[in-house]
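*Asks:* When we follow this note's numbering, the leftmost residue of the sequence shown carries the number 927, and every step to the right adds one.
Sharing a structure below in structure tokens format, with a few things to ask.
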Amino acid sequence: KSAICGTDVHIWNWDQWAQKTIPVPMVVGHEFMGEIAEVGSAVTKYHVGERVSGEGHIVCGKCRNCRAGRGHLCRNTLGVGVNRPGSFGEFVCLPEYNVVPIPEDVPDEIAAIFDPFGNAVHTALSFDLVGEDVLVTGAGPIGIMGALVAKRSGARKVVITDINPTRLELARNLGIDHVVDASKENLADVMKAIGMTEGFDVGLEMSGAAPAFRDMIDKMNNGGKIAILGIAPAGFEIDWNKVIFKMLNLKGIYGREMFETWYKMIAFVQGGLDL
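Dropping the structure here:
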């Protein structure tokens, strides 16, 4: 099984990013699970017929970050379905190192979206969440998953914003208590209504939208921490004075930590997190 990512849509539309990035021809797709059909002669950990998913970032294993156990920061990363053939074909080839076995109690449909779920888990768990007030900007699939992880991890208040009523309704139905239509509601009024007297402690920027990010910076508490996963379509300005004088900590997120994020997201699913 293979899921469709927003990246695949960019490639389908053959936008500017895709034209600069994707060698052709290319089999796309990087969210997947399946059964092992064949193993190489040097493979020792896995066998034919085993149910698996896999980390879609192929790293070099030789650079400073890889040798320090920080493979997610490898400068030589190759993406499955981006730089090498992906999962929209009948078969996909992975190094043994990238293969992740799937427990029996994890459904195929969930295992197939471990790639984006891992992005959400990596983003949400970048900072301590216990007892913290968390703002999530962007109620797409990964934003909602990030909000669910924050709530599950002990956050005090979890607020998610978007301008799409369908996405906000989905977030509400999945158990996010405070959903905000940023096109109609003032976030400051919502904060007051739910008993917040200071700003947000943690921000998860999932939208890639300039107005949402600016609003997040404005509503953060002094010393607040922001994990940024959303990719903006173009450059935009923010109020750097607020970043500086609030002493905010901004952290960019790309992919999943290998393989700590995988262990944690499997534990979330086995623990009952409803995706």
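We treat Cβ as the ideally placed atom computed from N, Cα and C, and that holds for glycine.
Please check the pair Val1025 and Leu1130, which I expect to be a contact at CB under 8 Å, by giving their CB distance rounded to whole angstroms.
*Replies:* Position 99 of the sequence shown, counted from the start, is the residue given in the question as residue 1025. Position 204 of the sequence shown, counted from the start, is the residue given in the question as residue 1130. Not really, about 29 Å apart at Cβ, beyond 8 Å.
*Asks:* For Gly980, count neighbouring Cβ atoms within 10 angstroms of its own Cβ and tell me buried if that reaches 16, exposed if not.
*Replies:* As a position in the sequence shown, residue 980 is number 54, starting the count at 1. With 16 or more Cβ atoms within 10 Å of its Cβ, Gly980 is classed as buried.
*Asks:* In chain order, what residues of the same chain have a beta carbon less than 6 Å from the beta carbon of Val954, not counting five sequence neighbours either side?
*Replies:* As a position in the sequence shown, residue 954 is number 28, starting the count at 1. Counting only Cβ-Cβ distances below 6 Å, and skipping sequence neighbours, we find Asp934, Ile937, Gly1007, Gly1012, Phe1014.
*Asks:* Could you tell me whether the Cβ atoms of Phe1139 and Thr1063 are closer together than 8 Å?
*Replies:* Counting from one through the sequence shown, the residue named residue 1139 turns up at place 213. Counting from one through the sequence shown, the residue named residue 1063 turns up at place 137. Yes, these two residues count as a Cβ contact at 8 Å.
*Asks:* Can you tell me the Cα-Cα spacing of Met1132 and Cys989, whole angstroms?
*Replies:* As a first step, residue 1132 must be located in the sequence shown, where it is residue number 206. As a first step, residue 989 must be located in the sequence shown, where it is residue number 63. Going by the C-alpha atoms only, they are around 29 Å apart.
*Asks:* At what residues does the alpha helix (DSSP H) containing Ile1086 begin and finish?
*Replies:* Stepping through the sequence shown from its first residue, residue 1086 is reached at position 160. Not the alpha helix (DSSP H): Ile1086 falls in the beta strand (DSSP E), residues 1083-1088.
*Asks:* Which residue or residues does DSSP assign as beta-bridge partners of Arg977?
*Replies:* To locate residue 977, count along the sequence shown from 1; it is residue 51. Arg977 is bridged to Glu961.
*Asks:* According to the Cβ coordinates, are Ile1089 and Gly1069 closer than 8 Å?
*Replies:* Residue numbering aside, residue 1089 sits at position 163 when the sequence shown is read from its first letter. Residue numbering aside, residue 1069 sits at position 143 when the sequence shown is read from its first letter. Result no, Cβ atoms of Ile1089 and Gly1069 do not sit closer than 8 Å.
*Asks:* Per the DSSP calculation, Ser928 is bridged to which residue(s)?
*Replies:* As a first step, residue 928 must be located in the sequence shown, where it is residue number 2. Phe958.
*Asks:* Have a look at Ala1073 and Ile1179 and give me their C-alpha separation to the nearest angstrom.
*Replies:* As a first step, residue 1073 is located in the sequence shown; it is residue number 147 there, counting from the start. As a first step, residue 1179 is located in the sequence shown; it is residue number 253 there, counting from the start. Computed Cα separation, rounded: 16 Å.
*Asks:* Work out the CA separation of Tyr1023 and Ile962 for me, nearest whole Å.
*Replies:* Residue mapping note: residue 962 aligns to position 36 of the sequence shown, counting from 1. Residue mapping note: residue 1023 aligns to position 97 of the sequence shown, counting from 1. Cα-Cα distance, rounded: 14 Å.
*Asks:* Under 8 Å between the Cβ atoms of Val978 and Pro1027?
*Replies:* Residue mapping note: residue 978 aligns to position 52 of the sequence shown, counting from 1. Residue mapping note: residue 1027 aligns to position 101 of the sequence shown, counting from 1. Result yes, Cβ atoms of Val978 and Pro1027 sit closer than 8 Å.
*Asks:* Please determine if the stretch 989-1000 and the stretch 939-952 are in contact, where contact requires at least 3 C-beta pairs separated by less than 8 Å.
*Replies:* These segments do not touch.
*Asks:* Out of Met1117, Lys946, Ile1036, which one is the CA nearest neighbour of Arg1082?
*Replies:* The residue labelled residue 1082 in the question sits at position 156 within the sequence shown. Cα-wise, what sits closest to Arg1082 is Met1117.
*Asks:* Please work out which residues of its chain come closer than 6 Å, Cβ to Cβ, to Met1071, disregarding the five sequence neighbours upstream and downstream, and give them in chain order.
*Replies:* Mapped onto the sequence shown, residue 1071 falls at position 145. Correct list, in chain order: Phe1043, Ala1046.
*Asks:* So is Lys1083 in contact with chain C if we call contact Cβ pairs under 8 Å?
*Replies:* Looking for chain C here will not work: only one protein chain is present.
*Asks:* Let's see if you can read the secondary structure: which residues bound the beta strand (DSSP E) around Gly991?
*Replies:* Taking the sequence shown and counting its residues from 1, one reaches residue 991 at position 65. In the sequence on display, residue 991 carries Asn and not Gly. Here Asn991 belongs to no beta strand (DSSP E); instead the alpha helix (DSSP H) covers 990-993.
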